[in-house]
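Read the structure below first, then the notes.
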Amino acid sequence: MLKKVRPAADFPYFLKPELQIFARLARVFYLRAKSFIMVKSFLLVLASLLLAPLYAQEQKIDSLKQVIATSNDVNAKAAAYKALVQQLKPDTLLFKEYYKEGLAFARQNSDRETELRLAFINCRDLYDQGKYKAAIAVSDSLHPFFEEEGLLDLKARLFNIAGNSYALQSDYTKASVKYLEYLETAKRLEDEPSAIAMANNNVGMALLNMKRYEQAIPYIENSLMYQQKFDSQLKARALWNLGICQMELLMYDEALQTFKKGVVEANKVDDAYGAAGNQTCIASVLSRKRDFDRGIPAYIKAYEMSVDAGLEDFKIIEALSGVIWGYNMSNQPEKAVKYITIVDSIIETNNMPDIRNREYLFFKSTNLMLRGKPLEADPYFLRYEKALDSMYNVKNIEVIQQKETEFRTKEKEQQLELKEAELSSQRLITSLLAGGAFLLVFIGFLVYRQQRLKIKQQRQEQELKEALATVETKNKLEEQRLRISKELHDNIGSQLTYLASAAQNIGMGLNKTSEAVTQQKLDDLSTFSEEAIRDLRDTIWVMNHSSVTWDDLAERIRYLAHKVANTTGIAVLVHKKGENSSSLDPSQTMHVFRIIQEAVNNAVKHSEATKIEVYVYAENPAKIEIVDNGKGYELKDISESSSGLTNIKARADNLNGKITLESDKNGSKVILELPSH
2 MLKKVRPAAD FPYFLKPELQ IFARLARVFY LRAKSFIMVK SFLLVLASLL
52 LAPLYAQEQK IDSLKQVIAT SNDVNAKAAA YKALVQQLKP DTLLFKEYYK
102 EGLAFARQNS DRETELRLAF INCRDLYDQG KYKAAIAVSD SLHPFFEEEG
152 LLDLKARLFN IAGNSYALQS DYTKASVKYL EYLETAKRLE DEPSAIAMAN
202 NNVGMALLNM KRYEQAIPYI ENSLMYQQKF DSQLKARALW NLGICQMELL
252 MYDEALQTFK KGVVEANKVD DAYGAAGNQT CIASVLSRKR DFDRGIPAYI
302 KAYEMSVDAG LEDFKIIEAL SGVIWGYNMS NQPEKAVKYI TIVDSIIETN
352 NMPDIRNREY LFFKSTNLML RGKPLEADPY FLRYEKALDS MYNVKNIEVI
402 QQKETEFRTK EKEQQLELKE AELSSQRLIT SLLAGGAFLL VFIGFLVYRQ
452 QRLKIKQQRQ EQELKEALAT VETKNKLEEQ RLRISKELHD NIGSQLTYLA
502 SAAQNIGMGL NKTSEAVTQQ KLDDLSTFSE EAIRDLRDTI WVMNHSSVTW
552 DDLAERIRYL AHKVANTTGI AVLVHKKGEN SSSLDPSQTM HVFRIIQEAV
602 NNAVKHSEAT KIEVYVYAEN PAKIEIVDNG KGYELKDISE SSSGLTNIKA
652 RADNLNGKIT LESDKNGSKV ILELPSH
């Protein structure tokens, strides 16, 4: 979708484009004025520049009104109505008056083309005013009539208006359907490469927003190919979209070259917005490749270009967040402080919600941790966590809406199929009338019987699908119940039993032991109860998901790392590498998480480490590594009966995975290798 750009705020939005040019020239002249005489000259020139075009515009409108009022030439009046409606502002009473009057005139004279062109102007103006639902409804109602009259150029533009309206409401599924219809209609136009280029780009943009990157690339490449056939101003935007697809598919070298071309093309046509966007993505690619020496300056340049281009606040924050992340990852947190101050100022000034800036909140909390300020970091991490939970709720709503959209689409397809069947039956009956009444009745009986059998078969298939879905749902619920029961029994149950027993022992020995010993036991009991509560929360988090992606698991591990670091003062870092589209079920997630938790706890208790790192390789097969820089241990001294090691190996066996322990004087490493999916 090609973004609509309004005039700058210091020029009246109601001026026509040519008047805006005069206004800009006047402003330049004024800024160069150095004396009172030149200011007086400026005022005179300004008046002449602005009033002359306004006067000419008013004269044109008056002349069109005169033609409508006095002319007897039907064609001249029709042309005057179309031109006048184009000139008037859509939200004025005068526009509505002449629009209705023009429609009535066209219908009175059976001028179908004029009627449809006026209807198109109204639809376009609804879109420009942000009335997207109304624009979609009008667009859908007009398509058949434009086809009948052969107005293919306007029909194509109607599809584009509907697609843009859906896209601006974030309904990219319906937007892609409209853009594909736009593309098919554009192909029927002769010598219109710009329409085909626009349609291909918009289809690719919709697929990109649906994260269907491989499908989006051919459409964007076709758009670029057609843009070679005319003087296009949109190459930078199309290259931007193409580079994003390549970057998300981990084609970093190709993406880097594409974004660089985008900057060059944007500068050729003075497209500051497109240049800044491509530059931000260049920085993102370099940082993803962990080339922070080039990535950080690239982000700083992207920030400066975004400010100069007047990009949206969230895009400026995106560039600044990249700078902060780069300094954090390169162990230079102090250098990020001034950029954090800038972002905080932008957020405060615009009262921006946390869900929009959740990545920045995480980077800021990490920066504070790296600078040795865990207490200051904690509130920002909690805000990040809350925003992340809110995002998941939004995603759930989007999934429900998507399913509802799919259902309605299927329902419409069935209705179209039924209508097509009815038309076929009508044509069949018409042709058979000439053959005789008996044959007609006989064929009608066959058609009726066939329809009855088809409906009966469809009903049976639907009942079977519903029954299978019910059984599958019950089976999944039973499996979920068993997993929850086993996890609670094996882990939480034993912890609660220990708590009860310990409390009883403390009570029995209350009068037999000193107050200091009793207090120590109570402190130990409190610590153990906190661990039990944390384990219960982890269990509930896992069981609340029917499946868990590697990104979800990495976020939960970061939460564990934050809590451990905040409690112990040990730096705990989490790195996720690779992309794996497969997901884990709750049981697998719990085993993996418990193994990581046990390994981190062992490192905290026994290794005397100052840094612990968790590497999540989301590949196929997947692998987890827990590495510390502690004193290490002798592998031969670790007993097979050690409860921690036994638990880790038992959980790895349940995953059909493999556990490997490595240790030397520089630290130790626990490696979990999972089977291929």
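Okay, so the sequence shown: first residue is 2 according to the working numbering, each after it adds one. Beta carbons are placed, not taken as given, at the ideal position from N, Cα and C, and that holds for glycine.
For Val264, the closest C-alpha among the options Val139, Thr550, Gln234 and Ser608 is that of Gln234. The residues Leu371, in chain order, have a CB closer than 8 Å to that of Asn332 in the same chain once the five nearest residues on each side in sequence are set aside. Along the length of the region 133 to 221, whole alpha helix (DSSP H) runs at least 4 residues long occupy 133 to 150, 153 to 169, 173 to 188 and 194 to 210, reported in chain order.
For Gly668, DSSP records a beta bridge to Asp665. Annotation for Val573: the continuous beta strand (DSSP E) segment containing it runs Ala572 to Lys578.
Contact between the region 617 to 629 and the region 567 to 577 is present, with at least three C-beta pairs closer than 8 Å. Taking 4 residues as the shortest admissible run, the region 324 to 402 contains the following complete alpha helix (DSSP H) segments, listed from N- to C-terminal end: 338 to 351 and 359 to 371. Put simply, the backbone Cα of Ser608 is about 43 Å away from that of Ala256.
For Met353 and Phe363, the gap between their C-alpha atoms comes out near 16 Å.
The C-alpha of Ala468 is placed about 41 Å away from the C-alpha of Leu184.
With a 10 Å radius around the Cβ and a threshold of 16 neighbouring Cβ atoms, Gln130 comes out exposed.
Ile660 is bridged by DSSP to Leu673. A Cβ-Cβ contact shorter than 8 Å links Asp314 with Ile347. Closest in alpha carbon position to Tyr560, among Leu225, Ile597 and Glu464, is Ile597. Of the residues Pro622, Phe260 and Val270, the one whose Cα lies closest to the Cα of Gln247 is Phe260.
Of Tyr300, Glu249 and Tyr385, the smallest CA-CA separation from Ile218 is found for Glu249.
Exposure of Phe446 is indicated by the presence of fewer than 16 other C-beta atoms within 10 angstroms of its C-beta. In this structure the region 190 to 202 touches the region 222 to 238; the number of beta carbon pairs closer than 8 Å is three or more. CA-CA distance, Asp292 to Glu599, rounds to 33 Å.
Between the alpha carbons of Ile534 and Arg595 lies a distance of about 14 Å.
Within the same chain, Val344, Ile347, Asn358 and Tyr361 come within 7 Å of Ile318 by CB-CB distance, once the 5 residues on both sides are set aside. DSSP places Asp294 inside the alpha helix (DSSP H), whose first and last residues are Phe293 to Ala310. Remark: C-beta atoms of Leu441 and Ile430 approach each other more closely than 8 Å. Assigned with DSSP and collapsed to three states, Tyr634 falls in coil, not helix or strand. For the 8 Å CB-CB criterion, Ala320 and Ala303 form a contact. In the DSSP assignment, no residue is bridged to Asp129.
In the structure shown, the three-state DSSP call for Asp586 is coil.
Here Gln216 has Leu208 as same chain residues with Cβ atoms under 7 Å from its own Cβ, once five neighbours each way along the sequence are excluded. Between Glu614 and the set Ala555, Arg450, Pro380 and Cys124, the nearest pair of CA atoms involves Ala555.
In the structure shown, Glu516 falls within a helical segment according to DSSP collapsed to helix, strand and coil.
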